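Okay, so the sequence shown: first residue is 72 according to my numbering, each after it adds one.
Note that CB positions come from ideal geometry on N, CA and C, so glycine has one too.
Since this is a predicted model, take the numbers as computed values, not measurements.
Okay, structure first, notes after.
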Amino acid sequence: MKNKESLTVKMIKRMYGVSGVLDEYRRGEIDKIGNKAFMILYTYMPLSAFLALLFIEKAPRESLFGLIGSNLMIYFLITGYIGIKTSKLKLMDIEVEKSDIKKIRYQTITKCLGVAIYFSVVIHFLNSLISMMMDDGSFLTYLISWHHINRSLTSGVIFGVLILAISLLRIKKVED
Numbered sequence: 072m073k074n075k076e077s078l079t080v081k082m083i084k085r086m087y088g089v090s091g092v093l094d095e096y097r098r099g100e101i102d103k104i105g106n107k108a109f110m111i112l113y114t115y116m117p118l119s120a121f122l123a124l125l126f127i128e129k130a131p132r133e134s135l136f137g138l139i140g141s142n143l144m145i146y147f148l149i150t151g152y153i154g155i156k157t158s159k160l161k162l163m164d165i166e167v168e169k170s171d172i173k174k175i176r177y178q179t180i181t182k183c184l185g186v187a188i189y190f191s192v193v194i195h196f197l198n199s200l201i202s203m204m205m206d207d208g209s210f211l212t213y214l215i216s217w218h219h220i221n222r223s224l225t226s227g228v229i230f231g232v233l234i235l236a237i238s239l240l241r242i243k244k245v246e247d
């Protein structure tokens with residue numbers, strides 16, 4: 072009988088890029104990284120809200136864009152911090168025996184192909200929706216536009232190749 076993982080464990084493994092079993096060591100290191108990221112966000116969020124409220128009366132548009140921009144910047148900084156720390160601690164490595172390396176690489180390639188296709192489709196719909204909203208055109212026109220399709224496919228290929236390279240670099244051979 073299989074051990075079912077809880078939703079929390081699945082989310083932690085997904086967010087921190089951990090594959091395999093979430094053991095005590097990995098759980099402890101992830102908790103440390105998460106606590107540091109939380110402390111940064113815990114001080115940033117009230118400060119940014121206060122500054123936005125302070126400037127909203129004189130320049131509401133600039134205040135909104137400043138808040139959105141700073142939130143995105145902090146998001147990418149925290150994500151980068153988490154990625155660097157988990158990489159340094161080797162929490163994201165996929166340890167594979169020599170006999171299983173080809174099978175795991177094949178599985179990785181097929182997963183990355185699926186992710187690239189999914190990314191292309193989602194980006195195509197989102198770009199079509201945004202273009203329709205900006206230009207007041209028909210959604211169907213943007214959806215079947217070769218320019219939009221080509222741009223979405225190119226984005227999907229680039230994204231898929233990057234994810235594939237990162238995923239293949241995470242695979243480590245285990246010596247017996």
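- Close CB contacts of PHE126 within its chain, under the 8 Å cut and outside five residues either way in sequence, are with GLU133, SER134, GLY137 (chain order).
- Annotation for GLU166: the continuous beta strand (DSSP E) segment containing it runs 165–168.
- Between VAL186 and ILE229, the gap from beta carbon to beta carbon reaches 9 Å or more.
- A residue is called buried when at least 16 other Cβ atoms come within 10 angstroms of its Cβ; THR157 meets this threshold and is buried.
- Per DSSP, reduced to three states, the secondary structure at LYS161 is coil, with no helix or strand assignment.
- Going by C-alpha positions, LEU93 is about 20 Å away from TYR152.
- Under the three-state reduction of DSSP, VAL89 is assigned to coil, being neither helix nor strand.
- With contacts defined as CB atoms closer than 9 Å, SER191 and SER223 qualify as a contacting pair.
- The beta-carbon distance between SER238 and THR179, rounded to whole angstroms, is 5 Å. This is short enough to meet the 8 Å contact definition.
- Considering only ILE101, GLU95, LEU118, the residue with the shortest C-alpha distance to MET86 is ILE101.
- Residues PHE210, TYR213, LEU214, HIS219 of the same chain have their beta carbon placed closer than 7 Å to that of SER199, with the five preceding and five following residues left out of the count.
- Around the beta carbon of VAL232, fewer than 16 other beta carbons sit within 10 angstroms, so the residue counts as exposed.
- The Cβ atoms of ARG176 and ILE83 do not sit closer than 9 Å to each other.
- In the displayed model, LYS182 falls within a helix according to three-state DSSP.
- Classified as exposed, VAL193 has fewer than 16 neighbouring CB atoms from the shown chains inside 10 Å of its CB.
- Our two residues, ILE104 and ILE111, have alpha carbons roughly 11 Å apart in a direct line.
- Separation of ASN221 and SER90 (C-alpha to C-alpha, rounded to the nearest whole angstrom) is 33 Å.
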